[in-house]
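J.: Once you've had a glance at the structure underneath, I'll fire off some questions.
Numbering (our numbering), first residue to last: 5 to 504.
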């Protein structure tokens, strides 16, 4: 059966130093620092899981000429997680590892006109699932004398796959007279609208949502924004996936290049897609056991396993109005650009619905008629989707697709669209035989006939185990009708006595 090996969260403190290239002006005022983590490479073995990847910083600042500029810097991150209690797992194959790395609190400090010190926290969640080898320990010299009560349950099998880098391009025509067009910054968010499981792959369709911040050299303020969507369709290889799986997917942009040439804006973006899938598989196990020739002593263990519920890709609108005081803004400011950073707080099950709650950290670039500034504030979100059973475990990501804002003399209204990728699971619990030991040999009483008058709570299994008789013998001798299971109440329905 597939079971958890590791589910841990940790925080890694990261730092980096940035020196501006010669073609960029000096820093007059630092406005905003954004951090994006590229999914890590993984190594699992020898009781340890190691992860390493790249983190990209994007710095927005004003130069001495009062215009906006962007600088970028890349750093590295790495961390390790010890793996405990892996003796029952097959570590050579069947491992599934899901890692979520989310940068938080990215800030910068101007150390010199052309130098910055950067730091942020990397919040990571590491989940590793493996195939657990479950073997019952039965010490019995004559296995033919054993009577078993078997059980079955449905439990989740999870699958995960990551695509190779996918390169997409776009060309945007501009006004031929706009020779002085200058790109300030560019952002890309990956929105997967559909994920469908096939044999060995998950087919993903969606869009890369581009947002370009630009200006004209002869009129640097206020800057302008341009949004564009690039469609994609790609099959992500996922070992073990079949058409009966439920699937979802998300993605991240790992590289974005934008240039202006001959009246055209040329965009090239590289993305990675992560596909998740799950299905329920039937697991058979021994619930109880006894011998017809010897006394037996058994020990059971209580097991809890996840049951696959639902995978989905969706999107929802977020429309929030705050007073200027609540947002920390003063009157007279015009929003130029908004950047959202969603954070999930809870995912709960409420009367057949999955309710996802969290908040978005909003970074607003504002213009007061002469200069630009940045103000941050938070807005809550709540997303509701259908669910099947009570949710006890989930994997979820929320990413921004688009965002804009409007202000008047008293309020700011934020309109955003967010994408959701979610896989939910419930729990199934059962008792399973772990160990059985045979004692002294049984001696028959010598009676010609034994009659049993079953109690109200008795079943065919309990009677057969009490008298150490084969179940088939008792059923045949008493012409018992069929029943769903030997320990079901229907197994002795209408029976007042048994010949055992």
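Heads up, the beta-carbon is just placed ideally off N, CA and C, and yes, glycines get one too.
State the beta-bridge partners of residue 421 as determined by DSSP.
T.: Residue 421 pairs with 321 and 406.
J.: Report all residues from its chain with a CB closer than 8 Å to the CB of residue 292; omit the five preceding and five following residues, and keep chain order.
T.: Closer than 8 Å at the Cβ level, and outside the excluded window around residue 292, lie 152, 153, 302, 304, 437, 465, 469 and 491.
J.: At what residue ranges does the region 449-495 contain a whole run of the alpha helix (DSSP H), taking only runs of 4 or more?
T.: Entirely contained in the region 449-495, the alpha helix (DSSP H) runs reaching 4 residues are, in chain order, 464-471 and 475-481.
J.: Could you tell me which of 53, 87, 251 and 214 sits nearest to residue 282, measuring between CA atoms?
T.: Residue 282 has its Cα closest to that of 251, out of 53, 87, 251 and 214.
J.: Helix, strand or coil for residue 360? Go by DSSP, reduced to three states.
T.: Strand at residue 360.
J.: Name the DSSP beta bridge partners of residue 218, please?
T.: For residue 218, which the question treats as bridged, DSSP gives the partners 187 and 228.
J.: Taking 6 Å as the limit between beta carbons, can you name the residues of its chain near residue 60, skipping five residues before and five after?
T.: Hits under 6 Å: 40 and 78.
J.: Does DSSP put residue 140 in a helix, in a strand, or in coil?
T.: In the structure shown, residue 140 sits in coil (DSSP, three-state: anything other than H, G, I, E or B).
J.: Based on Cα-Cα distance, which residue from 122, 426 and 274 lies nearest to residue 111?
T.: Taking only the C-alpha atoms, the option nearest residue 111 is 122.
J.: Thinking just about the alpha-carbon of each residue, which of 262, 167, 156 and 229 is nearest to the one in residue 174?
T.: The candidate whose alpha carbon is nearest that of residue 174 is 262.
J.: Please state if the CB of residue 395 and the CB of residue 423 are separated by a distance shorter than 7 Å.
T.: Cβ distance not < 7 Å, so residue 423 and residue 395 don't count as in contact.
J.: Measure the Cβ-Cβ separation of residue 353 and residue 312 and say whether it is below 7 Å.
T.: No, the pair does not count as a contact, with Cβ atoms beyond the cut-off.
J.: Hey, how far is the Cα of residue 19 from the Cα of residue 219?
T.: Each residue's alpha carbon lies about 31 Å from the other.
J.: On the CB-based measure, 16 or more other CB atoms within 10 Å of its CB, does residue 452 come out buried or exposed?
T.: Counting Cβ neighbours within 10 Å, residue 452 comes out exposed, since fewer than 16 surround it.
J.: What does the alpha-carbon distance come out to for the pair residue 412 and residue 71?
T.: Near 26 Å, if we compare the C-alpha coordinates of residue 71 and residue 412.
J.: Thinking C-beta only, is residue 372 closer than 7 Å to residue 318?
T.: No, the Cβ-Cβ distance between residue 318 and residue 372 is not below 7 Å.
J.: List the DSSP bridge partners of residue 197.
T.: Answer is none; residue 197 lacks a bridge partner.
J.: Quick one, are the C-beta atoms of residue 141 and residue 286 less than 7 Å apart?
T.: No, the pair does not count as a contact, with Cβ atoms beyond the cut-off.
J.: Residue 168: which of 45, 474, 120 and 415 sits nearest, CA to CA?
T.: If we check each option's Cα against that of residue 168, 45 comes out closest.
J.: Since I believe residue 35 is in contact with residue 75 (beta carbons under 8 Å), could you give me their beta-carbon distance rounded to a whole number of angstroms?
T.: Their Cβ separation, rounded to whole angstroms, is 11 Å, which puts residue 75 and residue 35 out of contact at 8 Å.
J.: To the nearest whole angstrom, what separates the beta carbons of residue 253 and residue 212, a pair I think is in contact under 8 Å?
T.: Contact doesn't hold; Cβ gap of about 14 Å is too wide.
J.: Helix, strand or coil for residue 150 per DSSP?
T.: Here residue 150 sits in strand by DSSP.
J.: For residue 99, name the three-state secondary structure that DSSP assigns.
T.: Coil at residue 99, not helix or strand.
J.: Can you look up residue 382 in the DSSP assignment and give me helix, strand or coil?
T.: Correct three-state label for residue 382: strand.
J.: On the DSSP bridge list, what partners appear for residue 346?
T.: According to DSSP, which records beta bridges pairwise, residue 346 is partnered with 364.
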